[in-house]
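Colleague:
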Amino acid sequence: QQAVRALLEADAYPGPSLVVAYSPCISQGYPMAESIKHCQAAVDSGYWPLFRYNPDLATSGNNPFQLDSKKVKGDLFKMLASENRFAAVMRRDPKHAEELDQRLKQSVGEKNQLLQVLGADDLQGQYHKLVEGLTDAKESGSSITILYGSETGNAEEQAKNLLQDIRARGMKGTVSSLDDFEFEDLPNVKVLIVIISTCGLGEYPQNSKRTWMSLQSPDLPMTWLSGVKFAVFGLGDSTYAQFCVAAAGYDVRLGELGGQRLLQRGVGDDRDEDRYFTGWEAWLPELWKALGAPAVPLVREIPAPSYKVTASPGKADSPPVADDDIVPPGAAKLKLRTNRLLTPETKDYDRDIRHYEFEIKGTSVSYKTGDSLAVWPRNDAQLAEKVCEMMGYDAGQQLQV
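Numbering-wise (this note's numbering), the sequence shown opens with residue 47 and increments by one.
Dropping the structure here:
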């Protein structure tokens with residue numbers, strides 16, 4: 047997910063972009079089928095930190111440096127021992143290998159500390175803390191801590207949007223994934239907001255599992271979070287039996303450990319008219335009341351545009367490019383042979399599930415069992431004309447994004 051985000055960001059930047067990626071090699075002595083796990087181990091151990099730098103973020107007042115792997119949480123020695131080049135040194139001279147390991151651990155720790163400072167929102171203040179020897183690159187205890195568990199990015203996006211709303215109301219806040227936050231620091235948080243999605247058949251997001259398992263420890267006293275006020279919002283799909291089970295789990299467990307619930311748990315259903323935003327918009331005003339925050343932001347800043355759009359005159363009945371010639375990169379036009387409705391044609395059933403068959407003979411398209419198909423939709427011409435008429439748009443105008 048981080049790699050995709052970095053590539054999209056690099057592609058959108060109006061200038062030269064550089065992407066440096068960690069790529070395992072088969073000569074390092076482990077099956078290439080496990081390369082993804084090895085990459086994750088390299089990130090978790092701090093050997094390969096993940097970060098992005100986008101100068102465009104500075105124009106909207108945000109930190110251009112974004113640290114995506116905020117916490118060193120893996121075993122560096124174990125990760126190195128899985129590679130032939132390092133394992134050979136360990137076998138040949140164990141004592142020297144241990145000395146090198148300790149020096150590398152120190153270097154990784156210092157580097158992570160510096161990256162934490164660079165990734166902080168209050169960069170100047172955090173720099174002075176570092177110079178003065180105060181190595182804790184966190185906000186003060188009076189700020190609101192937002193933690194998210196996200197698999198596809200929806201919960202993460204909501205968490206980061208909430209942080210902007212909090213700051214617009216004159217309050218301080220921080221945001222990170224649940225597993226990137228120091229678990230031992232949870233009792234020191236004054237106000238905690240958890241935003242978490244539920245995956246598939248009741249799975250917890252990958253970046254929240256470690257924290258969830260830690261919360262299950264029988265050694266934690268029932269007063270462990272007695273000084274913490276908390277609120278939980280969950281994202282899910284009500285067509286699944288385990289709807290928002292991750293949010294329910296965190297909400298119940300935080301309360302069991304002594305946390306003070308600010309308001310009832312909120313849920314966003316992907317099946318609502320406006321998807322999870324329906325539940326979010328109903329829950330958010332209650333959150334502002336619970337926090338004693340203004341219902342309306344004190345500051346309204348228009349975010350910097352993400353795209354540049356150039357308009358030029360044209361005619362709706364004779365566009366310069368035919369609709370059939372507009373094909374996304376990497377896509378192919380196929381003839382649809384079968385379009386059969388599989389769900390009941392009744393008002394009581396609101397889902398539209400269909401069986402499609404495409405003609406791929408003589409094309410470059412092939413597939414294997416389990417592949418997914420992305421369909422590029424086309425707007426109805428009459429509906430598009432009505433929208434243009436209602437909004438006062440020139441339907442013939444050519445837009446270049």
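Backbone N, C-alpha and C define an ideal beta-carbon position, used for all residues, glycine too.
1) Can you tell me whether residue 378 is helix, strand or coil according to DSSP?
2) Using the rule of at least 16 other Cβ atoms within 10 Å of the residue's Cβ for burial, across every protein chain shown, is residue 186 buried or exposed?
3) Use the C-beta contact count for residue 280: other C-beta atoms within 10 angstroms, 16 or more gives buried, fewer gives exposed.
4) Using C-beta distances below 6 Å, list every residue in its chain close to residue 9, excluding the 5 sequence neighbours before and after it, in chain order.
5) Roughly how many whole angstroms lie between the Cα atoms of residue 184 and residue 226?
6) For a minimum of 4 consecutive residues, which ranges assigned as the alpha helix (DSSP H) are wholly contained in the region 187-269?
7) Would the region 306-318 and the region 244-251 be scored as touching if the rule is three or more Cβ pairs under 8 Å?
8) Judging by CA-CA distance, which residue of 379, 59, 314 is the nearest neighbour of residue 110?
9) Leaving out five residues on either side along the sequence, give the residues of the same chain with a beta carbon under 8 Å from the beta carbon of residue 171.
10) Can you tell me which of the three DSSP states residue 280 falls into?
11) Can you grab the Cα-Cα spacing for the pair residue 189 / residue 328, in whole Å?
12) Tell me the rounded alpha-carbon separation between residue 57 and residue 199.
13) Beta-carbon within less than 8 Å of residue 321's beta-carbon, same chain only, minus the 5 sequence neighbours each way: which residues are those?
14) Since residue 57 is in the alpha helix (DSSP H), which residue starts that stretch and which ends it?
15) Straight-line CA distance for residue 61 to residue 104?
16) Could you tell me if residue 422 is buried or exposed, where buried requires 16 or more neighbouring beta carbons within 10 angstroms of its beta carbon?
17) Which residues mark the beginning and the end of the beta strand (DSSP E) in which residue 444 is found?
18) Can you find the residues in the same chain that come closer than 6 Å, C-beta to C-beta, to residue 63, ignoring five residues on each side of it along the sequence?
19) Could you check whether the Cβ of residue 392 sits closer than 8 Å to any Cβ belonging to chain B?
20) Assign residue 219 to one of two classes, buried (16 or more other C-beta atoms within 10 Å of its C-beta) or exposed (fewer than that).
21) Does residue 369 pass the burial test, meaning 16 or more other C-beta atoms within 10 Å, or should it be called exposed?
22) How many angstroms separate the CA atom of residue 46 from the CA atom of residue 97?
23) Rounded to a whole number of angstroms, what is the C-alpha to C-alpha distance between residue 73 and residue 93?
24) Does the Cβ-Cβ distance between residue 192 and residue 164 come in under 8 Å?
25) Considering only their Cβ atoms, is the gap separating residue 161 from residue 95 smaller than 8 Å?
26) In whole angstroms, what is the alpha-carbon distance linking residue 122 and residue 324?
Modeller: For this structure:
1) coil
2) Below a pLDDT of 50, predicted positions are generally treated as unreliable, and residue 186, at 40, falls in that range; the measurement from the model is reported next regardless. By the 10 Å Cβ count, residue 186 comes out exposed.
3) buried
4) This structure does not reach residue 9, given that the chain is present from 47 up to 447, and the question cannot be answered.
5) The predicted model places residue 184 with a pLDDT of 40, which falls under 50 and marks its position as unreliable, so this point remains unresolved.
6) 200-214, 255-261
7) no
8) Distance from the Cα of residue 110 is smallest, within the candidate group 379, 59, 314, for 59.
9) Because residue 171 sits at a pLDDT of 48, beneath the cut-off of 50, its placement in the model cannot be relied upon, and the following sentence gives the value as read from the coordinates. Result list for residue 171: empty, nothing under 8 Å.
10) strand
11) If you draw a straight line from the Cα of residue 189 to the Cα of residue 328, it is about 24 Å long.
12) 19 Å
13) 314, 315
14) 48-58
15) When rounded, the distance between both Cα atoms is 16 Å.
16) exposed
17) 444-446
18) Excluding residues within five positions, the ones whose Cβ falls inside 6 Å are 56.
19) The structure shown contains no chain B, having only a single protein chain.
20) Residue burial is scored here from C-beta neighbours: residue 219 has at least 16 other C-beta atoms within 10 angstroms and is therefore classed as buried.
21) exposed
22) An answer regarding residue 46 cannot be provided, because it is not within the stretch 47 to 447 covered by the chain.
23) About 19 Å.
24) Taking C-beta atoms as the reference points, residue 192 and residue 164 fail to come closer than 8 Å.
25) yes
26) 44 Å
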